[in-house]
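Going down the list, the protein sequences come from chains A and B. Residues in the first sequence are numbered from 573 upward in steps of one, following this note's numbering. Residues in the second sequence are numbered from 4 upward in steps of one, following this note's numbering.
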Amino acid sequence: MTVNDNRRAPVADESPDRENARAIRARQRAIGRELRRMYDDVAQEPIPDDFLDLLKKIDESSPKKAS
Amino acid sequence: MQSATTGRSEAPDDFRTELLALIPFLRAFARSLCGNPETADDLAQETLVKAWQSRDTFIPGTNLKAWLFTILRNQFYSDRRRAWRQAPWDQESAERIPGSREDQNWAAELSDTARALRCLSDEQREALILVGAGGFSYEDAAAICHCAVGTVKSRVARARRALINILDGNESLQGTERPTGGDAAKEIMSQLENLVPNRDKKNGG
Numbered sequence: 573m574t575v576n577d578n579r580r581a582p583v584a585d586e587s588p589d590r591e592n593a594r595a596i597r598a599r600q601r602a603i604g605r606e607l608r609r610m611y612d613d614v615a616q617e618p619i620p621d622d623f624l625d626l627l628k629k630i631d632e633s634s635p636k637k638a639s
Numbered sequence: 004m005q006s007a008t009t010g011r012s013e014a015p016d017d018f019r020t021e022l023l024a025l026i027p028f029l030r031a032f033a034r035s036l037c038g039n040p041e042t043a044d045d046l047a048q049e050t051l052v053k054a055w056q057s058r059d060t061f062i063p064g065t066n067l068k069a070w071l072f073t074i075l076r077n078q079f080y081s082d083r084r085r086a087w088r089q090a091p092w093d094q095e096s097a098e099r100i101p102g103s104r105e106d107q108n109w110a111a112e113l114s115d116t117a118r119a120l121r122c123l124s125d126e127q128r129e130a131l132i133l134v135g136a137g138g139f140s141y142e143d144a145a146a147i148c149h150c151a152v153g154t155v156k157s158r159v160a161r162a163r164r165a166l167i168n169i170l171d172g173n174e175s176l177q178g179t180e181r182p183t184g185g186d187a188a189k190e191i192m193s194q195l196e197n198l199v200p201n202r203d204k205k206n207g208g
């Protein structure tokens, strides 16, 4: 990457800790995106027929009191 | 819109419609708890039945999603306790125990992050998923997991650090995967050894 930002000049002994913390935050964001992607992938799948059948069945089997 | 009857079956159709809308999230949460897609869908279906049976205890206006997730989580742990009480040398149940070949097959298809997730403790995994992927507040996640808000916060923080360590290879991915599965396998092996005494050696010798 080009360094045209003087404040971020890669001085080796400047602040490895801060550099490190920034890297960790970036990793955590990436992991967070990956977790959401995994979760959303499942959540966006069409509902399997098994579930719709089940819901229908329990709905029908529930006692309905005549009004 | 408002039924004249009281709480019970006030609006069963609404409840059913809302259940239907939340099925995708139940499946997603179940998948993250179980890993195995088939076990997860079984769990999500059990949850639906339980939720329907106890729909009278749901307080309208409160968070139905969190209520369902609580049921699912309770079911997950109670199913697992029951699995542990089953005779471990029963071949059929042995095949369903995490760490078996069937589970390894789907595990091989998971991304590194997904596999790393399997290495976390149950508490850390569920907290991270609820907050980090499910979009629950720390408060709702705490209610779902039956623990204090601060506990959820620290579990999420520890889970995030642990994931990075695992992904960086500081902790073994394969070695720590499914610790209960490993124990289960060992347990089965020792049970098998007990079941098969030295008779074979004598006969075959």
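For glycine and all other residues, C-beta sits at the position ideal for the given N, C-alpha and C. Treat the numbers as computed from the prediction; the structure is a model and nothing was measured.
Leu67/B sits in a helix when the DSSP states are folded into three classes. When DSSP states are grouped into helix, strand and coil, Pro588/A belongs to the helix group. Between Ser124/B and Thr65/B, the alpha-carbon positions lie close to 29 Å from each other. The Cβ of Glu617/A sits closer than 9 Å to at least one Cβ of chain B.
An exposed status is given to Asp115/B, since fewer than 16 other beta-carbon atoms sit within 10 Å of its beta-carbon. If you check each beta-carbon in the segment 57-84 of chain B against every beta-carbon of chain A, none falls closer than 8 Å.
Assigned with DSSP and collapsed to three states, Asp171/B falls in coil, not helix or strand.
At a cut-off of 9 Å between beta carbons, Arg608/A contacts chain B. Here the segment 624-635 of chain A does not lie against the segment 139-147 of chain B, with fewer than 3 beta-carbon pairs under 8 Å apart. Identification of chain A residues near Ser35/B by a Cβ-Cβ cut-off of 9 Å yields Leu607, Met610, Tyr611 and Val614, ordered along the chain.
Nearest CB-CB separation between Arg590/A and chain B: not below the 9 Å threshold. DSSP, read as helix, strand or coil, puts Cys37/B in helix. Chain A has a Cβ within less than 9 Å of the Cβ of Leu166/B.
In the structure shown, the three-state DSSP call for Cys122/B is helix.
For Thr116/B, the closest Cβ of chain A is nearer than 9 Å. Remark: C-beta atoms of Leu67/B and Thr50/B do not approach each other more closely than 9 Å. The straight-line gap separating the alpha-carbon atoms of Ile596/A and Ala160/B is approximately 12 Å.
For Phe623/A, the enclosing alpha helix (DSSP H) covers residues Asp621 to Ser633. In this structure Arg599/A is in contact with Ile167/B, their Cβ atoms being roughly 5 Å apart against a cut-off of 8 Å.
Across the structure, Gln48/B and Gly172/B are spaced so that their CA atoms are roughly 36 Å apart.
Secondary structure of Ile62/B (DSSP, three-state): coil.
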